[in-house]
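To start, the structure itself, in structure tokens.
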Amino acid sequence: MKEDVYSQEEAKYLKVGIYAAFLIALIACVYVLNKDSMAHKEDGKYYTIDARFNRTDGLLVGDAVRLAGVDIGRVVNARLDEHFKAILSLDINENVQIPDDSSASIVSSGLMGKKYIEIEPGGSMDYIPQGGEFSYTQDAMVLEELLDRIISIGKANRKTDKN
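Residue numbers (the working numbering): -1 to 161.
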């Protein structure tokens, strides 16, 4: 029984083929993801509202806007105001009316997960209009800052335990 052994040239062509297949699959995935985000805008069934934050660490244009865990829109623009606060423009599905006393928070799906905006609806009977803005927002929590706080609390507790 003879073993199949690839020549160096055949092995090189095999590697190139595998890399090419991987690259094509990667491009196809990016295209599908981009197509979904583009389809969002082409629907034309959205209205835009703004949310102002002190910091938006890790949140990007194209990320989701959710209410009760359900996607209801996307972040479509990010800019700075004259006081260096981030203003995010959100496209919201026209079938979802958001009470004007609602809040918008930047949260992540898991410890190291992707960031998105979660809307907590208020109880008002009035709604945020097209071009309106959230009155209440909560900035993104930066993991490094949270760890620094936990460490400093631990150090402070250790000092009081020694005394």
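Every residue, glycine too, gets a C-beta built ideally from N, C-alpha and C. Model, not experiment: these values are computed from the prediction.
- With fewer than 16 neighbouring CB atoms inside 10 Å of its own CB, L12 falls in the exposed class.
- Annotation for P97: P119, G120, G121, S122, M123, D124, Y125, I126 place their beta carbon closer than 8 Å to its own, counting only its chain and skipping 5 residues before and after.
- Using a Cβ-Cβ distance cut-off of 8 Å, the region 111 to 118 and the region 84 to 103 are in contact, since at least three pairs of beta carbons, one from each stretch, lie closer than that value.
- When beta bridges are read from the DSSP output, L65 appears opposite V68, I117.
- Bridge partners of L145 according to DSSP: none are assigned.
- Distance from the CA of S5 to the CA of F20, rounded to the nearest whole angstrom, comes to 23 Å.
- If you draw a straight line from the Cα of E92 to the Cα of Y45, it comes to about 6 Å.
- T135 sits buried, since 16 or more C-beta atoms from the chains shown fall within 10 Å of its C-beta.
- Its chain contains D69, Y114 as the residues whose beta carbon lies nearer than 6 Å to that of A62, once the 5 sequence neighbours on both sides are disregarded; these appear in chain order.
- Distance from the CA atom of R50 to the CA atom of L88, rounded to whole angstroms, is 11 Å.
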